[in-house]
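Quick notes on the structure that follows.
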Amino acid sequence: MAQYCPMCKARIEGNYAAAEDGCQKLFERVLALEYSDAVYGGAHLLTVDCYALQHSEIHRPNSNAFHLLRLGWTLNRVRVPKLGQTDNDFKRYAVDLRSFPYLEAPKNRGKITVVDVAETVEPKDHMKAVCVWAGAVWRAYGAHHPWVRKKLDLDF
Ligand SMILES: [Zn+2]
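Spelled out as structure tokens, the structure:
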């Protein structure tokens, strides 16, 4: 029986006590793929940011700010994310996480979800799907773009 995740609104197939458990299982499946294969792994940071922003209720209050900042940084600065690059370049923006504001999650968090990404088979399709997901989540959080822009000193 299909259920809908109360956070990201994904349609979840299968027998789960709650729809968000199904989302979490799909997320874990995608993570396992990204950890085990470097080609898939190129999308890892975007995957984590998108999933966290669409399921913000299960994270700490200031985590939306962190993930949105990194998503904005990735989409506008580096385009193709790499773990080491983020560690070195991004950390100067994320020095005092406790001072980050609570950014309220929008009701609509984007039409693309982890379900769409989990359905891809080929590595290039995976990266493409994660990029589309990232764009959808980024647009959904449009109300908070001014904060990201200011924090990153970006002109977009
Ligand atoms: Zn969900």
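Take the sequence shown: its position 45, counting from 1, is numbered 45 in this note's numbering, and each next residue is one higher. Note that beta-carbon positions come from the ideal geometry of N, C-alpha and C, so glycine has one too. These numbers come from a predicted model, not from an experiment.
Would you check if the distance between the CB atom of residue i and the CB atom of residue j is smaller than 8 Å?
i, j, result
"Leu71", "Trp133", "no"
"Val130", "Leu46", "yes"
"Leu68", "Leu103", "yes"
"Met127", "Gln54", "no"
"Tyr93", "Trp73", "yes"
Could you name the residues of the same chain whose beta carbon sits closer than 8 Å to that of residue i, not counting the 5 residues immediately before and after it, in chain order?
i, result
"Tyr4", "Ala10, Arg11, Ile12, Ala19"
Can you tell me whether residue i is buried or exposed, with buried defined as 16 or more other CB within 10 angstroms of its CB?
i, result
"Glu28", "exposed"
"Asn64", "buried"
"Glu57", "exposed"
"Asp49", "buried"
For residue i, which residues in the same chain have their Cβ closer than 7 Å to its Cβ, ignoring the five residues on either side in sequence?
i, result
"Ile112", "Val132, Trp133, Ala136"
"Val30", "Thr47, Val114, Val117, Ala118"
"Phe100", "Asn62, Ala65, Phe66"
"Glu34", "Tyr40, Gly41, Ala43, His44, Thr47"
"Leu26", "Val114, Val115, Ala118"
"Ala2", "Arg11, Ile12, Glu13"
"Phe90", "Arg70, Trp73"
Tell me which same chain residues have a C-beta within less than 6 Å of the C-beta of residue i, skipping the five on either side of it?
i, result
"Tyr16", "Gly22"
"Thr120", "His126, Ala129"
Between the options, which lies nearest to residue i when the distance is taken from Cα to Cα?
i, options, result
"Val95", "Leu152, Val39, Ser36", "Leu152"
"Lys107", "Gly14, Tyr141, Glu122, Arg77", "Tyr141"
"His123", "Gly110, Ala38, His144", "The residue asked about is misnamed: residue 123 is Pro in this sequence, not His. Ranking Gly110, Ala38, His144 by Cα distance to Pro123 puts Ala38 first."
"His59", "Val121, His144, Ala105, Met1", "Ala105"
"Ala143", "Val121, Asp125, Arg109, Ala2", "Arg109"
Taking only beta-carbon positions, decide if residue i is within less than 8 Å of chain D.
i, result
"Asp96", "No chain D appears in the structure shown, which is made up of a single protein chain."
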